[in-house]
Amino acid sequence: MRSLFPVLLLLLAAGFGAQSMPQADPERDRILSLENAWNQAVQQKDAAALRMLLAPDLIFVDWDGTLMNKAEYLASVQSSGLFPAHIVNQSMTVHHYGSVAVVNGVCRETGVNKGKPYSHLERFTDTWVLRGDSWLCVASQSTLAGQQ
Amino acid sequence: MVCALVSASMYAPMSVAAQDAAEGENTATEIRALEHVWNEAEARNNNRALDLIFDNALVYVEYGKVMTKGEYLLRIRTERPHMQQVVMEGITVRTFDSAAIVVGIYREKDVKDGKVSVSRWRFIDTWVKKQAGWLLVAAASSPLPR
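Chains A and B, in that order, give the protein sequences. Residue numbers for the first sequence, in the numbering used here: 24 to 171. Residue numbers for the second sequence, in the numbering used here: 511 to 656.
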């Protein structure tokens, strides 16, 4: 419960903060906040927060091409050998099409996996869909950035 | 009359669900057809066809780099036809009102300097329904281990 608290604050800020500030596209800021909340939830292995962010029918493709559904993704985040230390998004762009939004950006993740330190620079593409009052991620795809 | 009302109320929700399912299936068929158009157009360097199915704000990620619609079309225009062969290994389409997500694997056969290389990619494509019809707004792929 303690770990959920900061992420919950971010989620609430994503919902209410955008309404109080006049913006050209308040939904854009809301979605960017949700992307940051997602990173925090992964860092804290906060499955409850992740369940709020991700659609039940999520399609997740990891940087190594692994295909996961929501349950598999949550299990991978909670893997006992995985300790993400820092997850930071950069250069995010949001394209908003009514009840659909596509976020593209770069994510730097460092940590320890099964006793070995790792550092990934991933290019990600996330698709969010507005269901009721909530934006939920329905698809996420990552690939190593700048590889050839 | 009571029987008629009861049976009508029993069938009404069924018919709405069935209608939704049919609409979803129709969309999935349409999206599969558009994916096919994309492959065919790319193989034939047909930029005009690609222009019609790509949104102007398309975000295309290849080898971890972002390409705009203009950059992608320029690459197709300058590429020699039939040097690359793309074969779909199967796709799944999921629909969410005005969005459709396609996930699948494609196999790419490339010939460079007489050498043939084959690579496999897992991809996610995002299509959005606009006034002009379904348009591709995002496409990204991750290489699969050989």
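Glycine included, C-beta positions come from ideal geometry on N, C-alpha and C.
The straight-line gap separating the alpha-carbon atoms of residue 49/A and residue 117/A is approximately 11 Å. Taking 9 Å as the threshold, the shortest C-beta distance from residue 55/A to chain B does not fall below it. As for any alpha helix (DSSP H) of minimum length 4 sitting wholly inside the stretch 559-615 of chain B, the runs are 579-588, ordered along the chain. Of all residues in the stretch 523-554 of chain B, none places a beta-carbon less than 9 Å from a beta-carbon of chain A. Residues of chain B whose Cβ lies closer than 9 Å to the Cβ of residue 113/A do not exist, since the nearest Cβ in that chain is about 12 Å away. Rounded to the nearest angstrom, the gap between the Cα atoms of residue 89/A and residue 139/A is 20 Å. The Cβ-Cβ distance between residue 636/B and residue 125/A falls below 9 Å. For residue 650/B, the C-beta contacts it makes with chain A under 9 Å involve 84, 127, 146, 147, 148, 164, 165, 166, in order along the chain. Separation of the CB atoms of residue 160/A and residue 81/A is rounded to 6 Å, and the pair is thereby assigned contact status at 8 Å. The way I'd put it, the stretch 134-150 of chain A does touch the stretch 101-121 of chain A; three or more beta-carbon pairs between them come closer than 8 Å. Only residues of its own chain outside the window of five on either side were considered, and among them none has a CB closer than 7 Å to the CB of residue 606/B. Taking a Cβ-Cβ threshold of 7 Å, the residues of chain A close to residue 608/B are 121, 122, 123, in chain order. Residue 537/B sits in a helix when the DSSP states are folded into three classes.
Residue contact check for residue 642/B against chain A: no CB pair falls below 9 Å. In this structure, DSSP gives residue 62/A a helical state, which the three-state scheme calls helix. Note on geometry: alpha-carbon atoms of residue 579/B and residue 649/B lie some 11 Å from one another. Taking a Cβ-Cβ cut-off of 7 Å, the neighbours of residue 152/A in chain B comprise 606, 609, given in sequence order. Between residue 560/B and residue 583/B, the gap from beta carbon to beta carbon is short of 9 Å.
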